[in-house]
Amino acid sequence: MPRLIRLLISLLMLGFIAERFGAGVLERLEQVDWRWLVAGLLITVAQVLLSAWRWRFTATRLGLSLRRGVAIREYYLATLINQVLPGGVVGDAQRAWRHSHDAPRRGPAFQAVVIERFSGQLAMVGLALGVWGYWPPGKALTLPDGWLSGAVAVIGGAGTIIVALALISGRRPHWLIDWWQALRYALLAPRVLPVQLIASIVVAISYIGVYACCVLSLGPESSPGTWLPLIPLVLFAMLIPASIAGWGLREGAAAVLWPLAGLPVAEGVSAAVLYGALSLVASTPGLITLLRR
8 MPRLIRLLIS
18 LLMLGFIAER
28 FGAGVLERLE
38 QVDWRWLVAG
48 LLITVAQVLL
58 SAWRWRFTAT
68 RLGLSLRRGV
78 AIREYYLATL
88 INQVLPGGVV
98 GDAQRAWRHS
108 HDAPRRGPAF
118 QAVVIERFSG
128 QLAMVGLALG
138 VWGYWPPGKA
148 LTLPDGWLSG
158 AVAVIGGAGT
168 IIVALALISG
178 RRPHWLIDWW
188 QALRYALLAP
198 RVLPVQLIAS
208 IVVAISYIGV
218 YACCVLSLGP
228 ESSPGTWLPL
238 IPLVLFAMLI
248 PASIAGWGLR
258 EGAAAVLWPL
268 AGLPVAEGVS
278 AAVLYGALSL
288 VASTPGLITL
298 LRR
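When we follow this note's numbering, the leftmost residue of the sequence shown carries the number 8, and every step to the right adds one.
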């Protein structure tokens, strides 16, 4: 999808939400408890450190060296770029490209980033789907068909790709063999898959924790058990590559989901706005890496 269209989608959705719920959102934001936002900011530090470790682990499985300090700096820079440019993957492509300069072959550097991101997205999709197994007592979760079909499409597509790679005949092209081998070594190996999944699930939980801090900063009247299951679904909406850093899609998902749980829509949208702003602030250490180049 062209970047201009992603920008327009974000602006149009944010404009619509501001027109419908702007007054209530502003009133909520005036009562923010900043201590919870500081806690959320601290969680993002641990989040980047673990994500950088996951990248190093993946790269090592592919025979590449990646120093811890370099991985952390590059991950912050990639996060910053993803926050300000449409698509959410430009920063990751850039860190793969820079890492490839120090590698004997460029392919494994890109494979390490793709596999690392893929592992993280699988964990987030899994947590989002897990919400259907839990819902606060007395609340009926009725989501649009698009949510379920979208989730099934993501998981089904990923599974189809993996199975296809495994079953393709010996006449498969060299690059396909190369990617299949990379998946085997860096993700699917019996001793590797549990490590990847645990790291990715912890990272996904950290995203949920940051969002929970944004909700708690608004002083919600309901218990966390009511709104906590909504967060993975909102974050899942951000995986759709049709906006800038999830802006618009995140707020729109919150505007739909919060009323389904009997919660004020302004609370959900306000938390989504805070999450977006906090994520941008959390990525600012990437400026240090940018200025050093």
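Don't be surprised by glycine CBs; every beta carbon is placed ideally from N, CA and C.
The model shown is predicted, which means the values in this text are computed figures rather than measured ones.
ask   = Near Ile24, which residues of its chain fall below 7 Å by C-beta distance, leaving aside the five closest residues on each side in sequence?
value = Taking the sequence shown and counting its residues from 1, one reaches residue 24 at position 17. These residues qualify, in order along the chain: Glu258, Gly259, Ala262 and Val276.
key: Delimiting residues of the alpha helix (DSSP H) encompassing Gly283   = As a first step, residue 283 must be located in the sequence shown, where it is residue number 276. Element bounds for Gly283: Val272 to Ala289.
task = Please state whether DSSP places Ile88 in a helix, a strand or coil.
result = Looking up residue 88 in the sequence shown gives position 81. Here Ile88 sits in helix by DSSP.
key: Leu235, DSSP secondary structure in three states   = The sequence position of residue 235 within the sequence shown is 228, counting from 1. Leu235 falls in the coil class under three-state DSSP.
query = How many Å lie between Leu71 and Arg61 at the Cα?
reply = Taking the first residue of the sequence shown as 1, we reach residue 71 at position 64. Taking the first residue of the sequence shown as 1, we reach residue 61 at position 54. So the two alpha carbons sit approximately 13 Å from each other.
key: CB of Trp43 within 8 Å of CB of Ser224, strictly   = For the purposes of this step, residue 43 is taken as the residue at position 36 of the sequence shown. For the purposes of this step, residue 224 is taken as the residue at position 217 of the sequence shown. Remark: C-beta atoms of Trp43 and Ser224 approach each other more closely than 8 Å.
ask   = Which of the three DSSP states, helix, strand or coil, is assigned to Met20?
value = Indexing the sequence shown from 1 puts residue 20 at position 13. The three-state reading of DSSP puts Met20 in helix, counting H, G and I together.
key: Three-state secondary structure assigned by DSSP to Ile215   = By 1-based counting over the sequence shown, the position of residue 215 is 208. The answer is helix: DSSP assigns Ile215 an H, G or I state.
task = Classify Val45 as buried or exposed, calling it buried when 16 or more other Cβ atoms lie within 10 Å of its own Cβ.
result = To locate residue 45, count along the sequence shown from 1; it is residue 38. It counts as exposed.
request  = Report yes if the CB atom of Pro236 is closer than 8 Å to the CB atom of Met131, and no otherwise.
outcome  = Residue 236 sits at position 229 when you count from the first residue of the sequence shown. Residue 131 sits at position 124 when you count from the first residue of the sequence shown. It is not a contact, given that the beta carbons lie outside the stated cut-off.
query = Which residue from Leu92, Tyr82 and Tyr83 puts its Cα closest to that of Ala249?
reply = If you number the sequence shown from 1, residue 249 lands on position 242. The shortest C-alpha separation from Ala249 is found at Leu92.
ask   = Roughly how many angstroms separate the alpha carbons of Leu256 and Ala244, rounded to a whole number?
value = Mapped onto the sequence shown, residue 256 falls at position 249. Mapped onto the sequence shown, residue 244 falls at position 237. Rounded to whole angstroms, Leu256 to Ala244 spans 6 Å at the Cα level.
query = Apart from the five residues on each side of it in sequence, which residues of its chain come closer than 8 Å, Cβ to Cβ, to Thr291?
reply = Here residue 291 is taken as the residue at index 284 of the sequence shown, counted from 1. Only Leu87 meet the Cβ criterion.
inquiry  = Could you tell me the alpha carbon to alpha carbon distance between Ala53 and Pro115, rounded to whole angstroms?
reply    = Translated into positions along the sequence shown, residue 53 becomes position 46. Translated into positions along the sequence shown, residue 115 becomes position 108. Roughly 26 Å separates the two Cα atoms.
task = Measure from the alpha carbon of Gly98 to the alpha carbon of each residue in His108, Ser107 and Glu81, then state which is nearest.
result = As a first step, residue 98 is located in the sequence shown; it is residue number 91 there, counting from the start. For Gly98, the closest alpha carbon among the candidates His108, Ser107 and Glu81 is that of Glu81.
message = Using the three-state DSSP reduction, which class does Trp254 fall into: helix, strand or coil?
response = For the purposes of this step, residue 254 is identified with residue 247 of the sequence shown, where counting begins at 1. In this structure, Trp254 counts as coil in the three-state DSSP scheme.
inquiry  = Can you find the residues in the same chain that come closer than 8 Å, C-beta to C-beta, to Ser213, ignoring five residues on each side of it along the sequence?
reply    = As a working mapping, residue 213 is identified with position 206 in the sequence shown. Correct list, in chain order: Ile50, Thr51, Ala53, Gln54 and Leu57.
message = Is it the case that the region 267-275 contacts the region 27-34, given that we only count it when at least three CB pairs across the two stretches are under 8 Å?
response = Yes, the region 27-34 touches the region 267-275.
inquiry  = I'd like the span of the alpha helix (DSSP H) that includes Gln118, first residue to last.
reply    = Position 111 of the sequence shown, counted from the start, is the residue given in the question as residue 118. Arg113 to Gly137 is the span of the alpha helix (DSSP H), which, as asked, contains Gln118.
Nearest residue (CA-CA) to Leu246, options Gly127, Tyr282, Ala110 and Ile184 = Residue numbering aside, residue 246 sits at position 239 when the sequence shown is read from its first letter. Residue Gly127 is the option with its Cα nearest to Leu246.
message = Quick check: Leu73 and Arg63, are their CB atoms within less than 8 Å of each other?
response = Mapped onto the sequence shown, residue 73 falls at position 66. Mapped onto the sequence shown, residue 63 falls at position 56. Going by C-beta atoms, Leu73 is nearer than 8 Å to Arg63.
key: N- and C-terminal bounds of the alpha helix (DSSP H) containing Gly70   = Along the sequence shown, one-based indexing puts residue 70 at 63. Neither: Gly70 is in no alpha helix (DSSP H) and is coded neither H nor E.
inquiry  = Taking the beta carbon of Trp104 as the centre, do at least 16 other beta carbons fall within 10 Å, making it buried, or is it exposed?
reply    = The residue you call residue 104 lines up with position 97 of the sequence shown. The residue in question, Trp104, is exposed, as its Cβ has fewer than 16 Cβ neighbours within 10 Å.
message = Quick check on the DSSP output: the alpha helix (DSSP H) that includes Gly293 runs from which residue to which?
response = Working through the sequence shown from its first residue, we reach residue 293 at position 286. That run of the alpha helix (DSSP H) goes Gly293 to Arg299.
Start-to-end residues for the alpha helix (DSSP H) that takes in Ser107 = Indexing the sequence shown from 1 puts residue 107 at position 100. Its alpha helix (DSSP H) spans residues Val97 to Ser107.
task = Kindly indicate the opening and closing residues of the alpha helix (DSSP H) around Gln188.
result = Numbered from its first residue, the sequence shown carries residue 188 at position 181. First-last of the alpha helix (DSSP H) with Gln188: His181 to Leu190.
query = Nearest CA to the CA of Gly29: which residue from Val288, Leu297, Ala279 and Leu298?
reply = Along the sequence shown, read from residue 1 onward, the residue named residue 29 stands at position 22. For the residues Val288, Leu297, Ala279 and Leu298, the minimum Cα distance to Gly29 belongs to Ala279.
query = Do you know how far the Cα of Leu129 is from the Cα of Glu228?
reply = As a position in the sequence shown, residue 228 is number 221, starting the count at 1. As a position in the sequence shown, residue 129 is number 122, starting the count at 1. So the alpha carbons of these two residues sit roughly 32 Å apart.
query = Cα separation between Trp186 and Ile215?
reply = Here residue 186 corresponds to residue number 179 of the sequence shown, with the count starting at 1. Here residue 215 corresponds to residue number 208 of the sequence shown, with the count starting at 1. In a straight line, the C-alpha of Trp186 is about 31 Å away from that of Ile215.
message = In this structure, how does DSSP classify Ser38 when only helix, strand and coil are distinguished?
response = Taking the sequence shown and counting its residues from 1, one reaches residue 38 at position 31. Residue identity check: residue 38 is Gln in the sequence provided, not Ser. It is coil, neither helix nor strand.
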